[in-house]
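Counting from 152, one number per residue, gives the positions in the sequence shown under this note's numbering.
Just so it is clear, CB atoms sit at the ideal spot from N, CA and C, and this is done for glycine as well.
Okay, so here's the structure we're looking at.
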Amino acid sequence: MNYCFLYLFYVFSCIFVNKSSFSIILRVGLFTPYIYSLTYSRPTVKSLTFDGQTSWTVFETQFDVVSSANGWDNRVKASQLVASLRGSAAEVLQRIPSDKLTDFTTIENALEALFGDSHLIKFYRTELKTRRQKPGESLQVLAADVERLMSLAYAECPQDVRDSLAA
C-alpha cells in the first residue's frame, strides 16, 4: 500500500499549449518521462483572386475577412495580396518600388487608386437620378438596385441617411 502511495506521489504531468499543438508530459517516477504530443491545425480560409475586372471594394472586403480569420499580420497580408493578383491587377505591382512590395498599405493604396470606386461616384449618382422601373421589373428588384446605387453613390454617408434617402 505504501508503494502505491509513493508511486502516485511521483506521477505528475505538464501540459504545454501553443497555437498549433499541445503536448502532455506524463512523468512516472523521477526518470521515466512519457511525452504525448497531439497536433491540430486551425482551419485556414483560402483567399480569392483579383483580376481588376470585378469590384475592388467587394474583393477588399472579402480579403479583410479572410485575413482576419487567418490571423495574418500586415506582412503576411501583403504577400497574400500580391499572390492573389492576376492580369491588369498584377501589373500594378510594376509601379511599386521593390522595397515596398512587402508593405500592405502601399499595395492596397495602389490598387484602390486604380480599381477603387471613388472615381465612379459621379456616374453612380447620375445613374441613381435617372433610374426608373423597367417594364416587367418587380418593385423588389428596383428597390434592391436603388439601395445598391445609394451605397455606391453616397458611400461616405452613414447607413441610416442612405436608407432614408433610398426610401
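Cβ-based burial, residue 285 [other Cβ within 10 Å; buried from 16]: exposed
Host alpha helix (DSSP H) of residue 256 (start-end): Per DSSP, residue 256 is one residue of the alpha helix (DSSP H) stretching across 255–266.
Expected contact under 8 Å - CB spacing of residue 207 and residue 263 to nearest Å: 7 Å
Start-to-end residues for the alpha helix (DSSP H) that takes in residue 223: Unbroken run through residue 223: none, as it is neither H nor E.
Three CB pairs or more closer than 8 Å across the region 262–276 and the region 214–229: no
Span of the alpha helix (DSSP H), counted from its first residue to its last, around residue 271: Judged by DSSP secondary structure, residue 271 falls outside any alpha helix (DSSP H); it is assigned neither H nor E.
Per DSSP, the bridge partner or partners of residue 201: DSSP lists 236 as the beta-bridge partner residues of residue 201.
For residue 244 and residue 233, the rounded distance between their alpha carbons: Spanning the two alpha carbons is a distance of roughly 8 Å.
Cβ distance (whole Å) where residue 238 is taken to contact residue 202 below 8 Å: Approximately 4 Å separates the beta-carbon atoms of residue 238 and residue 202; this is inside 8 Å, confirming the contact.
Local Cβ density within 10 Å of residue 259, reported as buried at 16 or more and exposed below that: Looking at its Cβ environment, which holds 16 or more other Cβ atoms inside 10 Å, residue 259 is buried.
Which of helix, strand or coil DSSP assigns to residue 284: Coil.
Three-state class that DSSP yields for residue 306 in the structure shown: coil
Neighbourhood of residue 290 by C-beta distance below 8 Å, restricted to the same chain and skipping five residues each side: 284
Beta-carbon spacing of residue 305, residue 316 below 9 Å: yes
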